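K.L.:
Just remember that the numbering used here sits 28 ahead of the position in the sequence shown, which is counted from 1. Backbone N, C-alpha and C define an ideal beta-carbon position, used for all residues, glycine too. It should be emphasised that the depicted structure is a prediction, and the values quoted were computed from it without experimental measurement. Okay, here's the structure, questions in a sec.
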Amino acid sequence: MKRLIPTLVLVICTIQLNPAYAFSLFSKTIQGSGHLEKQTRMLPAFNRIDSETTGRVEIIQGNQESITIESDDNIIPAIETVVENGGLKIRHKRIDLNTKTLNIIVRVKELKSINLAGSGSIYAKPLTAKKLTINTAGSGTVELSKLDVSNVSVNLGGSGSVQVQELQSSDLDVSLGAVAHLNLQAMSIY
């Protein structure tokens, strides 16, 4: 009992002083096996992407909805892809994934919203839509090229960044927060 009390005090102090460390005490880490594989999952229709992953997400506009995940064979099952209320959610089933490769290709017919939370990245080229909303929270990066959208709304929170090259739009609305970064190049407003 005499040793238990000092140990509990130490754990409580650690949790108070460093919540991130305390969080890692209660989370599970999956170490990548080093054996890369690809898995394609067919999906029902969606028009919004909500990415909460640390991986690289590439958006390809096409005639069907699907997702292809490339990573370690033991990491792929931990990537959850769920379509709810018209939105594709990409997230980890387990909190901490330790892998060098996590590439995700999302194929979508029509896209209205891109939402990135955390430190992942999203890329798309080209992309056509009537209206597109881009939201970031955290330190993630969104890079879009050859974007032809009538109405674009960009909302940046945290320290994330959005880069858009070759934008054609009739309406652009931007909201920047904290230390976010927005880079627009070769813009054409019609």
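Any chance you could list the beta strand (DSSP E) runs of at least 3 consecutive residues sitting entirely within the region 125 to 209, in chain order?
P.N.:
The region 125 to 209 contains these whole beta strand (DSSP E) runs: 130 to 136, 141 to 145, 149 to 152, 155 to 165, 169 to 184, 189 to 197 and 199 to 204.
K.L.:
Applying the criterion that 16 or more other CB atoms from any shown protein chain within 10 Å of the CB defines a buried residue, is S79 buried or exposed?
P.N.:
Buried, by the Cβ-count rule.
K.L.:
Using the Cβ count rule (16 or more neighbours within 10 Å means buried), how would you classify V85?
P.N.:
It is buried - the Cβ of V85 has at least 16 other Cβ atoms within 10 Å.
K.L.:
For L118, name the three-state secondary structure that DSSP assigns.
P.N.:
Looking at the sequence shown, residue 118 is not Leu but Ile. Three-state result, I118: strand.
K.L.:
Work out the CA separation of L125 and S52 for me, nearest whole Å.
P.N.:
Unreliable placement is indicated for S52, whose pLDDT of 47 sits below 50; the coordinate value is still reported in the next sentence. Near 12 Å, if we compare the C-alpha coordinates of L125 and S52.
K.L.:
From the DSSP output, in three-state form, read off I103 for me.
P.N.:
Here I103 sits in coil by DSSP.
K.L.:
Check whether the region 142 to 154 and the region 167 to 187 touch, using three or more Cβ-Cβ pairs below 8 Å as the test.
P.N.:
The region 142 to 154, when compared against the region 167 to 187, does touch it at the 8 Å Cβ threshold.
K.L.:
Grouping DSSP H, G and I as helix and E and B as strand, with all else coil, what is S52?
P.N.:
Its pLDDT being 47, under 50, S52 is placed unreliably by the model, and nothing is read from it.
K.L.:
My assumption, with CB atoms under 8 Å, is that S99 sits in contact with L64. Please give the rounded CB distance.
P.N.:
About 7 Å; that satisfies the 8 Å criterion.
K.L.:
Tell me the rounded alpha-carbon separation between G185 and L210.
P.N.:
Distance between the alpha carbons of G185 and L210: 11 Å.
K.L.:
Beta strand (DSSP E) containing T82: first to last residue?
P.N.:
Element bounds for T82: n/a, residue is neither H nor E.
K.L.:
So E93 packs on R135, CB below 8 Å; how close in whole Å?
P.N.:
Between R135 and E93 the Cβ distance is about 6 Å, and since that is below 8 Å, they are a contact.
K.L.:
Going by Cα to Cα distance, which pick from S61, R69, V192 and Q67 is closest to S216?
P.N.:
For the residues S61, R69, V192 and Q67, the minimum Cα distance to S216 belongs to V192.
K.L.:
In the DSSP output, what is Q67 paired with across the bridge?
P.N.:
DSSP output for Q67 lists I97 as bridge partner(s).
K.L.:
By DSSP, does S216 sit in helix, in strand, or in coil?
P.N.:
Three-state DSSP puts S216 in a strand.
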